[in-house]
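J.: If you read the sequence shown in the working numbering, its first letter stands for residue 1366, the second for the next number, and so on.
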Amino acid sequence: MKSLRRHYIDTEGITYPNCSSRFYNQKYKKYISKAQSKSRNDVKYVKACLSCATHYNTIQELGAHLKAHHEPVNHPELENSYLGLHDTHKWILSTGKRVEDALYDFSKKLLVDHPSSSFILDVDDHAYLKHNVFIEKEWEEIKKEYATSTIIPIPNELRDYINTFNCTTTGGIRRSLAKSVVSDPL
């Protein structure tokens, strides 16, 4: 369980609260220790998913649940985007590694959506180093390129329009939506 928890924290960015027991008594379910179960004859053994604490009567049901909810799945959009990329348009690092290829391979291993699934490289996300997507030398090259890339500022008129939706009530949002739309500021 600890390695799964570590995977969720490091790779997926999901944290789960630590508790002394991951099982909680419910109206029709009581969780008891194995030692206590030996002295009782009304105990039913079930198979538990360690990721989401659901229970199944058979190992086949648990396997189907794991496959459906806790295994990486192919995303056709990702596959199509990747296949549409030409090698001549990919970013090649000094080591010869193509960044898009590395992001694609990494995203195929993940259980949940991650920016790499959209070929977005977040230089503050250390999961790429932890999972050996990039080595330290490549990461430094990526960060150096990121620092020198140009960020295009948002036009003031568009910024002001977006800020009209910075409301604290639903009524305020409705009033903002009712106002006339800004003509194309770009």
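Note that CB positions come from ideal geometry on N, CA and C, so glycine has one too.
1) Let me check one thing: in DSSP terms, what residues is K1412 bridge-paired to?
2) In the DSSP assignment, find the unbroken alpha helix (DSSP H) run with T1535 in it and report its ends.
3) What residues match up with I1457 in a beta bridge as DSSP calls it?
4) Just to check my reading of the structure: T1376 and A1492 have Cβ atoms closer than 8 Å, yes? What is that Cβ distance to the nearest angstrom?
5) Helix or strand or just coil, what does DSSP make of R1405?
6) Might you give, ordered along the chain, the residues of its own chain that have their beta carbon closer than 6 Å to the beta carbon of L1458, omitting 5 neighbours on each side?
7) CB-CB under 8 Å to T1534, same chain, minus the five flanking residues each way: which ones, in chain order?
8) Let me know if L1448 comes out buried or exposed under the rule of 16 or more other beta-carbons within 10 Å of its beta-carbon.
9) Mind checking whether S1416 and H1430 have CB atoms under 7 Å apart?
T.: Result, derived from the coordinates:
1) Mapped onto the sequence shown, residue 1412 falls at position 47. Its beta-bridge partners are Y1421.
2) Working through the sequence shown from its first residue, we reach residue 1535 at position 170. Unbroken alpha helix (DSSP H) run through T1535: T1535 to A1543.
3) Numbered from its first residue, the sequence shown carries residue 1457 at position 92. Bridge partners of I1457: R1463.
4) Position 11 of the sequence shown, counting from 1, holds the residue named residue 1376. Position 127 of the sequence shown, counting from 1, holds the residue named residue 1492. Contact holds; Cβ gap of about 5 Å.
5) As a working mapping, residue 1405 is identified with position 40 in the sequence shown. R1405 sits in coil when the DSSP states are folded into three classes, being neither helix nor strand.
6) Along the sequence shown, one-based indexing puts residue 1458 at 93. Result list for L1458: E1503 and E1506, in chain order.
7) Working through the sequence shown from its first residue, we reach residue 1534 at position 169. Here the set comprises nothing.
8) Numbered from 1 along the sequence shown, position 83 holds the residue referred to as residue 1448. Classification of L1448: exposed, given that the 10 Å Cβ count is below 16.
9) On the sequence shown, position 51 is the one that residue 1416 refers to. On the sequence shown, position 65 is the one that residue 1430 refers to. No, these two residues do not count as a Cβ contact at 7 Å.
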